[in-house]
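Remarks on the structure that follows.
There are 4 protein chains.
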Amino acid sequence: MGPVTDQAPSDVLEGVLSLADLEVLAAERLSAVALAYVSGGAWDESTLAENVAAFRRRRLWPRVLVDVSRVDTRVRLLGREASMPVGLAPAAQQGLCHTEAELATTRAAASAGIPSVLSTFSTVSMEEVAAAAPGADRWFQLYVHHDRGITADLVARAAAAGFRVLVVTVDLPVIGYRQREIALGSTPAERLGSLEAYRQPDATLQDVLAGHIDASFDWADLERLAADSPLPVVVKGILRTDDARRTVDRGARGIIVSNHGGRQLDRVPATIDALEPVAQAVVGTGTEVYLDGGVRRGLDVATALALGARAVFLGRPYLYALAIDGERGVARALAHLRGELERTMALLGAPGLADLDRSLVTE
Amino acid sequence: MGPVTDQAPSDVLEGVLSLADLEVLAAERLSAVALAYVSGGAWDESTLAENVAAFRRRRLWPRVLVDVSRVDTRVRLLGREASMPVGLAPAAQQGLCHTEAELATTRAAASAGIPSVLSTFSTVSMEEVAAAAPGADRWFQLYVHHDRGITADLVARAAAAGFRVLVVTVDLPVIGYRQREIALGSTPAERLGSLEAYRQPDATLQDVLAGHIDASFDWADLERLAADSPLPVVVKGILRTDDARRTVDRGARGIIVSNHGGRQLDRVPATIDALEPVAQAVVGTGTEVYLDGGVRRGLDVATALALGARAVFLGRPYLYALAIDGERGVARALAHLRGELERTMALLGAPGLADLDRSLVTE
Amino acid sequence: MGPVTDQAPSDVLEGVLSLADLEVLAAERLSAVALAYVSGGAWDESTLAENVAAFRRRRLWPRVLVDVSRVDTRVRLLGREASMPVGLAPAAQQGLCHTEAELATTRAAASAGIPSVLSTFSTVSMEEVAAAAPGADRWFQLYVHHDRGITADLVARAAAAGFRVLVVTVDLPVIGYRQREIALGSTPAERLGSLEAYRQPDATLQDVLAGHIDASFDWADLERLAADSPLPVVVKGILRTDDARRTVDRGARGIIVSNHGGRQLDRVPATIDALEPVAQAVVGTGTEVYLDGGVRRGLDVATALALGARAVFLGRPYLYALAIDGERGVARALAHLRGELERTMALLGAPGLADLDRSLVTE
Amino acid sequence: MGPVTDQAPSDVLEGVLSLADLEVLAAERLSAVALAYVSGGAWDESTLAENVAAFRRRRLWPRVLVDVSRVDTRVRLLGREASMPVGLAPAAQQGLCHTEAELATTRAAASAGIPSVLSTFSTVSMEEVAAAAPGADRWFQLYVHHDRGITADLVARAAAAGFRVLVVTVDLPVIGYRQREIALGSTPAERLGSLEAYRQPDATLQDVLAGHIDASFDWADLERLAADSPLPVVVKGILRTDDARRTVDRGARGIIVSNHGGRQLDRVPATIDALEPVAQAVVGTGTEVYLDGGVRRGLDVATALALGARAVFLGRPYLYALAIDGERGVARALAHLRGELERTMALLGAPGLADLDRSLVTE
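First to last, the sequence lines map onto chains A, B, C and D.
One point on numbering: in our numbering, the residue at position 173 of the first sequence is 173, and numbering is uninterrupted.
Just add 363 to wherever you are in the second sequence, counting from 1, and you've got our numbering.
Just add 726 to wherever you are in the third sequence, counting from 1, and you've got our numbering.
Just add 1089 to wherever you are in the fourth sequence, counting from 1, and you've got our numbering.
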């Protein structure tokens, strides 16, 4: 909490003035296969583009003559304070971007005072991550395995390793049709972190996913999972209001409005277009609603909060920052985003997150 | 019926990841005249482009946590089961694309377990097609001739040759103004298949059409034709709800919402924009409503079904596949489309076609 | 009246398949100053572009199974039959395009059986035009002069020379801000036709207009003019419904919905966007409503008639045709447009102009 | 007051036919840093572009047959007559553009008979400006300083120097995120005019702003300021209707609907999109509502007045004109804009500003 810091933007990654610019720099450092994996979307990539474009279409209506000499970006997320309403979305195989992989991103998030979500398919195991960043607000993302024993084991290990929230991904019963990946060949999966014990030699990441995911996982299964879980469950991948209500009914404590970064079904709505109806559908239930997809600017964070999100999760931009400069790159990207958010709040006349009300945004 | 097959997309025509990409490959193999004939539209070709663009404008709202471990694309079309809700639309003079012409496309459709519609102006005669693919679900497309005796003869021959459905085209009383064809010169009609007996030496395809079509054919004529036909009648070329209702009143069993692939009147709506009102206009009458025009993706097939189509008919993409690799090319294109459709259904949370309900699509 | 003629489009100006293509050919034959004068619009030329674009935005919903073996494009315009619902809009100084100037265009219109409107600022005088095309349906366009005696003299001469209708232009109290003309220098006015007697040596066309027009001409003046005129009065340049009603109240018999081809005020609506409200505002009064601006296709003519126009007036395209090939060029352009209109009507299921009803068009 | 002068447009800055063209010419004369400072906007510069685009989207519906032989652009602004409804918006550090800086622009405005607003951060002091243009209608723009004593001193000096109106900017509690400026380095502030006494050596303009502005300034402070001010207060930077009403309640006499030329928060609405609701919110209170942002054409001025503005303020275009040709350049730019406005009014059928009614504009 404090005044908007005017010098912050200029020293992030020397010359990078927008998270949207990171992709170009990262592209120079990533292999073609890794770049396709990180940056690509499904089918014609229309949702990939829409996630960003839909934020830009919205108009902001700032209030004036509010005391914004101090702005406060702090928020409680499922009971723990974050320094700003931003987390790191789960992303598989961060070793494709940097040798320190999830160790670097988790540490950067911890330094920034925000949560990070570790993927089931991380390069580094959850226990290694826990050891490297014990005080971090670590969440664990779960893909449900065909073998429910393996699933139960993953959840138990996550709880034992101090992960605080269980993020269950529900929009990947099968893999989306990702043309860039298919065109460039499959992504190697040399280390499989938490699942290393189950890894088949020479299996690609695509093989691993296809062999892992249980496409029959349904609402009843979710209810059992939530009931059995020692950790609060957040469901990731909701776009519909009926699904949102059902998610809450089955015991989830949070929802991430997500289209998997445009990597699953194409032509689904931008997440910012789906957010508000979902948030309104569960209003009054105590469910926390988050969003990922298309967040590039502090303007986007403020927009999502004004439309009902409690926080947003950042995706590709932090992977690019990781590729460019490891933990330090991610830290700088987060500092930049925080600077933009603070400046946006000041200019919106919203010194605190609760001031980001619905009247500030129109489509 | 079965699980989504993950390897399917990558082996169709080696490197072709979308039916939309087939045109470029086909263009290398077709003469300029044939390419203009197959790919061109009418006037400014705005409807040609709109057919594709209107599908892309729609947004899909997937359900999650549905058991999609098996998806089933089977459908009954006028009483016979098809393996998926896709057929081959009628297209004249397929000999322009490949020496095996309609023999290849009919066989490929039969292998795929879907119907194909033979044009009145096919290169190969209906009897030859019947002999080459006796077990295929063959439909016959009828252009009504000035001489009603010739028309009656065509219908009788189609029934005798085992064609199962009569598709009567009603949107070509005169030929559309097709600039590409005019600019490049007329298309030769060296073989006229079912109409070979009537062929004038040196007549172009344009001459044949102009000499054949009865521009006075009207609703009363349709009613007589339907009453006399030994085959169930499907009317192709409907865009208006009033025409749709009248079509049913005059005895048709099915309707193809079509703008003739953008080859007739320009600036008419994209077929996906016309579909839903037409489907609602005849709901409860037992009429089956189909669509052609702009189908390039499994996403498109699912969209059309959610908006009221029982099946769609594929046009240019299969002609390009035919030009590229004959029967095998068409088979691969159909396998690719099936793969996309299965994946789309799984990701929509729709394991069966009946699950493709109206709530999945917005404009 | 007769069947749609299939060969017509291909022989108009050898290779020109759309009136929109004429500008390029004409540009090679016109001086830069003349081209700027003919083709340019006002300010940013947004209305110039919109006139064409707004037609293209509309969607046509054809009827099927209507007997269109014969289509009839004839229409009565203020009591005289035209062979199709198209006329030639007034255009000043056609000598810039061709030495035969208005003689050529009037003769071409007469051959085509349609009216042409002679500008006050024609290159050739009204008496010369009358002598060259005595049987033509000639209308005279009037700019009201500061000196009402000159105005009265022009009207009397027009009536004496057999002009049948008086078209009073009301949207040029001052000249629009035409950047292309200003950038390239003023247009010479070497011959001033009907006004030759009043011509100042070395006066440019811009000088002539500025010196001629009475910017104080108002509704009361119009009422007097209409009352005194031996010819029925058509008012050209109406876009608003209130102005349309007033025009009728003051004695006009017709209205041309026009924005002066985008040459006067910029950002005014496309004429096809203004047409329907104007037509509805005067429905039942016997007033004939016409449109000019943006007509390039038979599709446009049919659209305008479906939205309430009795006929349209063609502008720049005939001037380009005049520049390319004189009277013969204009005749060919008109034949081409007639062919497109007939084909459009057949494909719309509208054998006569009265069949072009409101249900055929949506925006 | 008088007839539209036809020759005016052609002699402004020789070949410049639109104020939008001035940027290119100015770019050749300005340093990269100065150009970035003058022309840049905040974040993605979407509001910068929208300010102009939103004017162009509007449609004008001209009246005809109104006597426009004389048009009158005069208007009273807070009790003093201006020759047209246009003023010069405040802009800091005009010495970046021309050595005569605010002396030149104030004199040009005075010659044109319109008000100009001097920035708190002018290059030349308010006393020097007053001495150079004693008869000019000079307004003073106030940024509120942390030290309220300095603020009070500035207001007292402005009143003493004959400034007539106090324009309080409220949309800059912190500086917008201006990427162009950051990319090119800070802008030097070699002379600080009215604040020269407080200048730190080597401080950049960005430092000066950041050190000056009181981000805690709020509604109560405004109320006190307005009550204490010897000059009528106009509040600049309002976009919301609730803020507009509050502004009036706290004692302001005028409102400038402004987004600071797209230099503060990005994605805020174009000012012409925000104008009408603001104007309606304070209708009947006697408050004068102005607009700045995106004004490039006489069409824009007329549009803003039809939607409720009493006058508009010009920004970047006059700075470019200043850079190109000093006082003479600004004078020519204003003459050009006046010519466009007069012509627009004549063509709209609006001889006086009161005739610019709401019916002339649609979106």
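Backbone N, C-alpha and C fix where the C-beta goes; we use that ideal spot for every residue, glycine too.
For clarity, every value in this text was computed on a predicted model and none was experimentally measured.
For A/ILE182, no beta strand (DSSP E) encloses it; the enclosing alpha helix (DSSP H) starts and ends at 179-184. Sequence-distant partners of C/HIS986 (beyond 5 residues in either direction) whose C-beta falls short of 6 Å from its own C-beta, in its chain, are ASP897. At a cut-off of 4 residues, the continuous stretches assigned as alpha helix (DSSP H) that sit fully inside the region 975-1019 of chain C are 997-1007. Counting C-beta pairs with one atom in each stretch, the region 121-130 of chain A and the region 341-354 of chain A have fewer than three that are closer than 8 Å, which means they do not touch. Taking the Cα positions, A/VAL155 is about 52 Å away from B/GLY689. Burial of A/THR105 is indicated by the presence of at least 16 other C-beta atoms within 10 angstroms of its C-beta. Apart from the 5 residues on each side of it in sequence, B/LYS599 sits with its Cβ closer than 6 Å to the Cβ of VAL530, THR532, ILE619, SER621 in its chain, given in chain order. In the three-state DSSP reduction, B/HIS508 falls in the strand class (E or B).
DSSP links D/ASP1161 through a beta bridge to D/GLY1441. Within a 10 Å sphere around the beta-carbon of A/ARG310 sit 16 or more other beta-carbons, which makes this residue buried.
Taking 7 Å as the upper bound on Cβ-Cβ separation, chain C lies near no residue of the region 687-716 of chain B.
DSSP places B/ALA445 in the uninterrupted beta strand (DSSP E) bounded by 443-445. Of all C-beta pairs linking the region 775-783 of chain C to the region 434-443 of chain B, fewer than three are shorter than 8 Å, placing the two stretches out of contact. Between B/LEU380 and chain A, the shortest Cβ-Cβ separation is below 8 Å.
With contacts defined as CB atoms closer than 8 Å, B/VAL631 and B/LEU602 qualify as a contacting pair.
Pairing B/GLY661 with B/LEU700 gives a Cβ-Cβ distance under 8 Å. With a cut-off of 8 Å on Cβ pairs, the region 632-647 of chain B is not in contact with the region 677-685 of chain B, counting fewer than three such pairs. Under the criterion of beta carbons closer than 8 Å, B/GLY625 and B/GLU386 do not qualify as touching, at roughly 14 Å.
Among the CB atoms of chain B, none fall inside 8 Å of the CB of A/GLY251. By the CB criterion at 8 Å, D/PHE1229 and D/ASP1389 fall outside the cutoff. The closest CA to that of A/ALA136, considering only A/GLY176, A/GLU28, A/GLU81, A/GLU181, is found on A/GLU81.
When the Cα atoms are used, D/ASP1307 and D/HIS1235 turn out to be separated by approximately 12 Å. Residues of chain B whose Cβ lies closer than 7 Å to the Cβ of C/ARG789 are, in chain order, ARG603, ASP606.
Contact check for A/ALA159 and A/LEU231: beta-carbon distance about 6 Å, within the 8 Å limit, so the pair qualifies.
Residue pairing for D/ALA1400: DSSP places it in a beta bridge opposite D/TYR1379. Cβ-Cβ separation between A/ARG157 and A/SER194: approximately 7 Å, consistent with a contact (criterion under 8 Å).
In this structure, DSSP gives C/THR1070 a helical state, which the three-state scheme calls helix. Under the three-state reduction of DSSP, D/ARG1227 is assigned to strand. C/VAL881 carries a helical assignment under DSSP once its states are collapsed to helix, strand and coil. Nearest in C-alpha terms to D/GLU1270, of all of D/ALA1109, D/GLY1129, D/ARG1342, is D/GLY1129. The residue among D/ARG1227, D/ASP1303, D/SER1275 with its C-alpha nearest the C-alpha of D/ASP1291 is D/SER1275. Chain-ordered, the chain B residues with CB closer than 8 Å to the CB of A/PHE217 read LEU428, ASP430. Using beta-carbon distances, D/GLY1383 does not count as an interface residue toward chain A, since no partner is under 8 Å.
Chain-ordered, the chain A residues with CB closer than 9 Å to the CB of D/GLN1353 read PRO62, LEU347. Of all residues in the region 1261-1290 of chain D, those with a C-beta nearer than 8 Å to a C-beta of chain A are PRO1262, VAL1263, ILE1264, GLY1265, TYR1266, GLN1268, ILE1271, ALA1272, reading in chain order.
A buried status is given to C/PRO811, since no fewer than 16 other beta-carbon atoms sit within 10 Å of its beta-carbon.
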